[in-house]
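Here is the structure we will look at, set down as structure tokens.
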Amino acid sequence: MNASGNDSHGARRLAVILGGGDADTRALGILASVLREFSPEVAGLFLEDVDLFRLAQLPFSCEISRLTSRAQPLTTIELEREVRVQAVRAERALRVTAERAGLKWSFQRMRGRLNMALEAAPNVNLLLLSATRRNIISSGEAGALGRALRASEGEPTRPIVAVFDGSDPATVALQSAIRLSRSTNRRLEVILVAATTDAAAELRGRAVQLLAPQTATLRRVPDMAIETLTDAIRAHAPALLVIGANKLFLESPGVGLLRRSIDCPALIVR
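Each position in the sequence shown, counted from 1, maps to that position plus 352 in our numbering.
Structure representation (structure tokens):
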């Protein structure tokens with residue numbers, strides 16, 4: 353499905369990968385700002401997690417009710433129904449967002465893993481990923497997830513966080529984050545990836561030059577390990593993560609692990 357809109361010379365191509373639920377709401381809330389800044393069109397892809405369907409076939413798989421916080425059995429039939437409903441809602445929300453801006457849009461469903469969705473968008477410059485939609489857990493883990501579901505979503509003043517390691521993709525990502533922070537009036541916080549103190553000082557100087565005259569909170573981490581990044585990102589509680597990606601990053605499990613480990617949308621800049 354499509355809606356027509358105006359194109360602009362040199363604009364970037366954007367794809368948004370959705371999975372259903374509140375995570376999509378947060379991603380689509382950010383989408384309008386991203387479209388205004390960067391792209392005249394958006395390709396929406398609703399990703400049905402194949403591993404989730406496989407888990408639903410196992411005995412004792414369950415989900416947590418958002419209303420009662422109780423575990424209840426989850427069958428493949430029920431999951432199919434819920435996914436169809438979520439996909440329809442996601443398509444409707446994407447259409448409304450794009451048409452309000454007078455921009456082109458498209459939408460499709462795919463069952464598979466995140467790397468398959470990324471491969472389906474080889475010519476896209478910007479990838480907006482919603483956080484993972486749901487967890488299927490054993491009954492023994494129900495209490496922990498129930499507490500997580502009741503946790504606060506955070507304030508509307510949550511920052512935009514960029515990861516900067518000095519590479520070309522990271523430089524473009526930081527520049528994109530700067531534009532978004534200005535257009536949305538959100539504060540910007542930057543995670544510097546540097547193994548040594550000297551490298552961190554050089555990287556800080558480059559970041560400050562890119563930021564000028566804007567200021568931002570700068571925090572250093574020693575490497576790009578998923579565990580390291582996840583801890584740093586969670587500490588900032590961002591509304592949006594902006595990160596540069598090379599081919600190796602997109603083809604590795606890293607992007608999928610990161611998506612499952614944080615609770616905010618991620619804008620991946622190629």
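Each residue gets a CB set at the ideal place from its N, CA and C atoms; glycine is no exception.
Computed from a prediction, not measured in an experiment: that's the story for all the values here.
In the three-state reduction of the DSSP assignment, Asp401 falls in the strand class, which pools E and B.
Between Pro565 and the set Arg534, Ala473, Glu471, Trp457, the nearest pair of CA atoms involves Arg534. Annotation for Gln438: the continuous alpha helix (DSSP H) segment containing it runs 428 to 452.
For Ile578, the closest C-alpha among the options His588, Val621, Gly606, Thr567 is that of Gly606.
Secondary structure at Thr548: coil, using DSSP grouped into helix, strand and coil. Looking at the DSSP output, Met462 bridges to Leu399. In chain order, Met353, Gly396, Phe398, Phe459 place their CB closer than 8 angstroms to the CB of Glu443, counting only its own chain and leaving out the 5 sequence neighbours on each side. With a cutoff of 7 angstroms on beta-carbon distance, Leu540 and Ala568 are scored as near each other. DSSP lists no beta-bridge partner residue for Ile382.
Using a Cβ distance threshold of 7 angstroms, Val402 and Leu383 do not count as a contacting pair. Contact check between the segment 374 to 382 and the segment 610 to 620: three or more CB pairs, one atom from each, fall below 8 angstroms, which counts as touching.
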